[in-house]
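Working notes, beginning with the structure itself.
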Amino acid sequence: MYHLELKQLHADNAVSEALRTIETICEEYRLEEHFGILSLSVIEMLTQMIDSSTDGAPEINIDFFIENRLVTVHIQSDQSISVLAEQLHRPLSADTDNSLYTIVGLADQVTFKEEENEVILEYFLRPQPAA
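So for the sequence shown, this note's numbering puts the first residue at 1; every next one is plus one.
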């Protein structure tokens, strides 16, 4: 298993650091064809977490785990994410921001851990270390 941590990111640089890390992971583990799915869903989740914060700009921690058949991204905020989890339980309508539904459609599994202010995105892929 490969584990990469991005700790104590300020909202201003969380997106760029995550994008750079996803690019590195895709290059190192031959996942270039999945770059769009990984980057869009992770960046959109970060954007949703930052935009839904009520107490100023949040501090973000991101952990990437690369295993034989799984890439997992844990995104944790120092602020509540309950509004995001609640948004997914509401019916989709023309007035609803559908970004969270896009993330759910791109990731193979999305888990909200509200008590820990954490979202876990799982992708069933086959990472292979580059030669």
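Backbone N, C-alpha and C fix where the C-beta goes; we use that ideal spot for every residue, glycine too.
Is residue 17 closer than 7 angstroms to residue 9 when the C-beta atoms are compared? As a working note, residue 9 is residue 9 in the sequence shown. As a working note, residue 17 is residue 17 in the sequence shown. Yes; because the gap between Cβ atoms is below 7 angstroms, this pair is in contact.
State buried or exposed for residue 58, treating a residue as buried only when at least 16 other CB atoms are found within 10 Å of its CB. Working through the sequence shown from its first residue, we reach residue 58 at position 58. When all chains shown are included, residue 58 counts as buried.
By Cβ distance, which residues of its chain are closer than 6 angstroms to residue 111, with the 5 residues on each side in sequence left out? Along the sequence shown, read from residue 1 onward, the residue named residue 111 stands at position 111. Answer for residue 111: 120, listed in chain order.
Just to confirm, are residue 100 and residue 87 a CB contact at a threshold of 7 angstroms? Counted from its first residue, the sequence shown places residue 100 at position 100. Counted from its first residue, the sequence shown places residue 87 at position 87. Their beta carbons are under 7 angstroms apart, which means residue 100 touches residue 87 by this criterion.
From the DSSP output, which residues share a beta bridge with residue 35? Residue mapping note: residue 35 aligns to position 35 of the sequence shown, counting from 1. Paired residue(s): none; residue 35 is not in a bridge.
Can you tell me whether residue 34 is buried or exposed, with buried defined as 16 or more other CB within 10 angstroms of its CB? Taking the first residue of the sequence shown as 1, we reach residue 34 at position 34. Buried: at least 16 other Cβ atoms inside 10 Å.
Which parts of the segment 52-117 are runs of the alpha helix (DSSP H), unbroken and 4 residues or longer, counting only runs that do not cross its ends? Counting whole runs of 4 or more residues, the segment 52-117 contains the alpha helix (DSSP H) stretches 82-89, 99-106.
Alpha-carbon spacing of residue 66 relative to residue 108, whole angstroms: Within the sequence shown, the letter at position 66 stands for residue 66. Within the sequence shown, the letter at position 108 stands for residue 108. Taking the straight line joining both Cα atoms gives about 15 angstroms.
Is residue 48 helix, strand or coil when you go by DSSP? Here residue 48 refers to the residue found at position 48 when the sequence shown is read from its first residue. Residue 48 falls in the helix class under three-state DSSP.
Taking 7 angstroms as the limit between beta carbons, can you name the residues of its chain near residue 32, skipping five residues before and five after? As a first step, residue 32 is located in the sequence shown; it is residue number 32 there, counting from the start. Around residue 32: 26.
Taking the beta carbon of residue 82 as the centre, do at least 16 other beta carbons fall within 10 Å, making it buried, or is it exposed? Within the sequence shown, residue 82 is the residue found at index 82, counting from 1. Burial call: exposed.
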